[in-house]
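Residue numbers for the sequence shown, in my numbering: 620 to 966. Ideal Cβ positions, reconstructed from N, Cα and C, are used throughout, including at glycine. Note that the structure is predicted; figures quoted are calculated from it, not measured.
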Amino acid sequence: MTTVNAYAAFSPTEPLRPTTIERRDPRPQDVVIEIRYSGICHSDIHTARGEWGGTRYPIVVGHEIAGIVTAVGSEVTRHAVGDRVGVGCMVGSCRECGPCRRGLEQYCEKGMVGTYGGVDVDGRPTAGGYSTHVVVAEDFVLRIPDALELDVAAPLLCAGITTYSPLAHWGAGPGRRVAVVGLGGLGHMAVQIAHAMGAEVTVLSQSLKKQDDGLRLGADHYHATSDPDTMRALARSFDLVVNTVSAGFDLDAYLRLLDIDGTMVQVGAPPEPVPLHLFSLIGARRSYAGSLIGGIAQTQEMLDFCARHGFGAQVEVVRADQINDAWDRVVAGDVRYRFVIDVATLA
Ligand code: NAP
Ligand code: ZN
Ligand code: ZN
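And the structure:
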């Protein structure tokens, strides 16, 4: 075991603080990664603050990891010392069930192993990327293409794949009208990816404050949902709505934006139940769906897609001692568009 520096939550209400954790010695199939950058996802905050329930403390969160391989186990074939690699929201799954065999490890019938808050191969709780090193089985480690810097690549491991997967599944592309609700970490990736896929992209944000950024990221249209005319004017305007909102919202109002046979896919995960009037679906043969991150093969496909199209995340790099402030800014909607921790400042 190796002792490494980390930042941990010790309760739902206290600020995160520095600590140390143990990383296991690599097994034959494991890769040891020196973490360089770790993205701050809103899910880290929901989890550490106990908003979804079931959090066990202390917890080291972080599932947008980019770094360099420093050692490999004897049976590792896919990665070598010095490689630029990433780890997302999963570090394991059963690898044998139907979903795992189909590359849908996130929906493993035995439950995927989360990068934090899960149960690791050695029976201890998994600990995430707010730490200097991590040890992960090689089949859950991604290659980061040379065209992507590690800081802008880190957020792709969650925000990127969580939006790429539903956009690919529901066929975003030329001739398809896609709306992205919420221009935060996930939203700004959804805009770039949907645009690169060739769709006509509309941002629906609470205000017009980030309009210039949204258009620069590739949106064709930008509207404020705080303006009551927006929702009326855009009724039945979209084939696909990707909803990234992290707090309670008016579900019926967004569903009415779908044209006949349109789908709204929920990736934002507010803790509280959201009321639904069924006529919002019935009235135009609409669908309401959900989607969880994406499988390992599709995560690699997404990284290669972003590299080919020449974009990563728009990031603001912060020091470890700024994590608590960054979290408050995420909750306040003051993020443009992903905070990324410079893990060297944890050392
Ligand atoms: P984020 O950066 O905070 O972005 C969320 C955006 O939602 C905000 O920027 C804001 O956009 C909008 N928003 C916030 N509160 C709102 C409200 N009360 N009403 C309307 N809009 C509101 O968070 P994120 O990291 O992108 O994560 C978004 C959500 O996705 C979180 O719930 C997270 O847990 C979840 N998530 C799910 C998955 C999955 O696999 N399904 C993966 C990762 C994250 P505007 O300022 O533009 O309005
Ligand atoms: Zn995440
Ligand atoms: Zn499985």
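Buried versus exposed call for residue i [16 or more other C-beta atoms within 10 Å across all chains shown]
i, result
"residue 800", "buried"
"residue 896", "exposed"
"residue 676", "exposed"
"residue 858", "buried"
"residue 671", "exposed"
"residue 701", "exposed"
"residue 845", "exposed"
"residue 645", "buried"
"residue 829", "buried"
"residue 717", "exposed"
"residue 621", "exposed"
For residue i, the first and last residue of its enclosing alpha helix (DSSP H)
i, result
"residue 664", "661-667"
"residue 898", "898-901"
"residue 646", "Where residue 646 is concerned, there is no enclosing alpha helix (DSSP H), given that its DSSP letter is neither H nor E."
"residue 720", "717-720"
"residue 771", "769-772"
Residue i versus the options, residue with shortest Cα-Cα distance
i, options, result
"residue 890", "665, 919, 631 and 655", "665"
"residue 936", "686, 656 and 633", "656"
"residue 637", "819, 749, 901 and 822", "749"
"residue 893", "917, 864, 705 and 853", "864"
"residue 968", "816, 697, 932 and 668", "The displayed coordinates of the chain run from 620 to 966. Any statement about residue 968 would go beyond what the structure contains."
"residue 927", "875, 686 and 772", "772"
"residue 639", "709, 777, 881 and 746", "746"
Three-way DSSP call (helix, strand, coil) for residue i in this model
i, result
"residue 810", "helix"
"residue 692", "coil"
"residue 945", "helix"
"residue 885", "strand"
"residue 921", "helix"
"residue 906", "strand"
"residue 759", "helix"
"residue 783", "helix"
"residue 682", "coil"
"residue 670", "coil"
"residue 880", "strand"
"residue 652", "strand"
"residue 957", "strand"
"residue 627", "strand"
"residue 950", "helix"
"residue 621", "strand"
"residue 804", "helix"
"residue 745", "coil"
Opening and closing residue of the beta strand (DSSP E) in which residue i lies
i, result
"residue 705", "703-706"
"residue 711", "709-711"
"residue 935", "934-937"
"residue 797", "796-800"
Item to complete: Output the residue ranges of the alpha helix (DSSP H) runs that lie fully inside the stretch 806-877 and measure 4 residues or longer, sorted by chain position.
Response: 830-835, 847-852 and 870-874, all fully within the stretch 806-877.
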